[in-house]
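Notes follow once the structure below has been shown.
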Amino acid sequence: MIAAVVVLSGCGTGDGEETTSTTAEATTSAAEQPGNPWDLPLEQRPALFDPCAEVPIEVIEQGLGSPVSPVAAYENHLPKDLMSCGWRSENAELTILTTWKSREDYQADRSFDVSSTHEELNGRVGMRLLDAIGNPDETCLQLFFTERGTAWIQFHITDLYLEFEGQRRSNACEVMEQVSQPIMEHLPKGDFQ
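Each residue of the sequence shown is one higher than the one before, starting from 153 at the first, in the numbering used here.
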């Protein structure tokens, strides 16, 4: 999306020469604009992060510790609204998505319980959510408010006994640090609180 600034000038220079600015000279893309992209109107914000295209499947397999297969039901490609991708291993699922949904909107969403508004995960601070509808021990969710939207990493243990990598876990958040570690370098930069 390109944001154009039109400059109209009727002034001249002191030597009588007229100065003009063209629209092309004043045009900058939203991605080049300094500051907080969250302050821009939605149509001027940078493109949402696309986890299907920008996170290699090998990175997901490294995080989950085993081969994975994509989950078509978790894939969304709505460039200004929602970009998501999901993968499944033998006893876990991982979903990464981005949206421009705000921190306040997530805090007000009754589908989630806010576990922490400032939870550190692999050196980055974000918001930790738990599932308010299903079993909160099975799922761990971390949000990062980045320069390319809210990046969401959801880890879900599908094993009935919460077993992951041959060990019984008290909850999915217990292994979120390990699972997400290889993914972190692929997430967009910027942490807008």
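We put the beta carbon where it would ideally sit given N, CA and C, even for glycine.
Local conformation of residue 305 per DSSP, three classes: Position 153 of the sequence shown, counted from the start, is the residue given in the question as residue 305. DSSP places residue 305 in strand when its eight states are reduced to three.
Contact the segment 232 to 245 vs the segment 310 to 330: 3+ CB pairs below 8 Å: yes
Beta-carbon contacts of residue 190 that lie in its chain and below 6 Å, excluding the five residues immediately before and after: Taking the first residue of the sequence shown as position 1, residue 190 is located at position 38. Within the same chain, residue 190 has close Cβ partners 344.
Exposed unless 16 or more other CB atoms sit within 10 angstroms - verdict on residue 258: Numbered from its first residue, the sequence shown carries residue 258 at position 106. Taking all protein chains in view, the Cβ of residue 258 is crowded by 16 or more other Cβ atoms within 10 Å, so the residue is classified as buried.
Rounded separation between residue 224 and residue 237 - CA only: Indexing the sequence shown from 1 puts residue 224 at position 72. Indexing the sequence shown from 1 puts residue 237 at position 85. Near 8 Å, if we compare the C-alpha coordinates of residue 237 and residue 224.
Backbone CA spacing between residue 332 and residue 228 [nearest angstrom]: On the sequence shown, position 180 is the one that residue 332 refers to. On the sequence shown, position 76 is the one that residue 228 refers to. When the Cα atoms are used, residue 332 and residue 228 turn out to be separated by approximately 21 Å.
Boundaries of the alpha helix (DSSP H) in which residue 235 is found, first to last residue: Position 83 of the sequence shown, counting from 1, holds the residue named residue 235. Here residue 235 belongs to no alpha helix (DSSP H); instead the beta strand (DSSP E) covers 234 to 240.
Helix, strand or coil at residue 218 [DSSP, three-state]: Residue 218 sits at position 66 when you count from the first residue of the sequence shown. Coil at residue 218, not helix or strand.
Endpoints, the alpha helix (DSSP H) within which residue 266 is located: Residue mapping note: residue 266 aligns to position 114 of the sequence shown, counting from 1. From DSSP, residue 266 is part of no alpha helix (DSSP H) but of the beta strand (DSSP E) over 264 to 273.
Enclosing beta strand (DSSP E) for residue 324 [first to last residue]: On the sequence shown, position 172 is the one that residue 324 refers to. Unbroken run through residue 324: none, as it is neither H nor E.
First through last residue of the beta strand (DSSP E) which encompasses residue 294: Taking the first residue of the sequence shown as 1, we reach residue 294 at position 142. From DSSP, the beta strand (DSSP E) with residue 294 extends over 291 to 298.
Backbone CA spacing between residue 284 and residue 260 [nearest angstrom]: Position 132 of the sequence shown, counted from the first residue, corresponds to residue 284. Position 108 of the sequence shown, counted from the first residue, corresponds to residue 260. Answer to the nearest angstrom: the Cα atoms are 12 Å apart.
Distance between beta carbons of residue 342 and residue 302, contact taken as under 8 Å: Along the sequence shown, one-based indexing puts residue 302 at 150. Along the sequence shown, one-based indexing puts residue 342 at 190. Rounded, the Cβ-Cβ distance is 11 Å, inconsistent with contact.
Alpha carbon of residue 233 to alpha carbon of residue 248, nearest angstrom: If you number the sequence shown from 1, residue 233 lands on position 81. If you number the sequence shown from 1, residue 248 lands on position 96. Rounded to the nearest angstrom, the two C-alpha atoms are 14 Å apart.
Reference residue 251; option with closest CA among 197, 326, 188: Numbered from its first residue, the sequence shown carries residue 251 at position 99. Minimum Cα-Cα distance from residue 251 among the listed residues 197, 326, 188 corresponds to 197.
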